[in-house]
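For reference, the structure discussed in these notes is given below.
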Amino acid sequence: ELFLIEMDQVVPWKGLIALIEPHYPKGEGGRPAYPLLAMLRIHLMQNWFGYSDPAMEEALYETTILRQFAGLSLERIPDETTILNFRRLLEKHELAAGILGVINGYLGDRGLSLRQGTIVDATLIHA
3 ELFLIEMDQV VPWKGLIALI EPHYPKGEGG RPAYPLLAML RIHLMQNWFG YSDPAMEEAL
63 YETTILRQFA GLSLERIPDE TTILNFRRLL EKHELAAGIL GVINGYLGDR GLSLRQGTIV
123 DATLIHA
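The structure is reproduced here in structure tokens:
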């Protein structure tokens, strides 16, 4: 929980959203798209905690803090295909590595580093 609170405060969300927004569907026709910020936060939690797409969907249903971090309610959780499609969108436009690079650079500038792994041991390390 503390990890997500700290990441909420230190990640440059507006800059990352601006990077992805030109490529993100506008939700015209069909079901409305999930908020871009929610999908970005889900994508990052997958990276930080090592969740597969199905496991991420399940975790959003089961874990309140993950749902809160993504800004979602139980009534509207992205399914595993939606999560997969977002990752593919980032990969298609070569944004995934850049996003993680921006975050790691931003953390490094503040004397922090990120150790990735399972939800049990994902931590920010103050260098």
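Numbering (our numbering), first residue to last: 3 to 129.
Yeah, the Cβ is synthetic: ideal placement off N, Cα and C, and Gly gets one too.
This structure is a prediction, so every number in the text was calculated from the model and none was measured.
{"Item": "Rounded to a whole number of angstroms, what is the C-alpha to C-alpha distance between Ile19 and Ile101?", "Value": "10 Å"}
{"Item": "Quick one, are the C-beta atoms of Tyr26 and Met41 less than 9 Å apart?", "Value": "yes"}
{"Item": "Check whether the stretch 98-117 and the stretch 6-24 touch, using three or more Cβ-Cβ pairs below 8 Å as the test.", "Value": "yes"}
{"Item": "Can you check which of these residues, Asn87, Ser54 and Leu6, is closest to Leu38 by C-alpha distance?", "Value": "Asn87"}
{"Item": "Should Glu23 be labelled buried (16 or more other beta-carbon atoms within 10 Å of its own) or exposed?", "Value": "exposed"}
{"Item": "Around the Cβ of Tyr53, are there at least 16 other Cβ atoms within 10 angstroms (buried) or fewer (exposed)?", "Value": "buried"}
{"Item": "Just how far apart, CA to CA, sit Leu21 and Leu97?", "Value": "8 Å"}
{"Item": "What is the residue span of the alpha helix (DSSP H) that Tyr108 lies within?", "Value": "Ala98 to Asp111"}
{"Item": "Among Arg43, Tyr36 and Lys28, which one has its Cα closest to the Cα of Ile7?", "Value": "Arg43"}
{"Item": "Please name the residue in Glu64, Phe71, Thr66 and Lys28 whose C-alpha comes closest to that of His45.", "Value": "Phe71"}
{"Item": "Name the DSSP bridge partner or partners of Ser54?", "Value": "Its beta-bridge partners do not exist; DSSP assigns none."}
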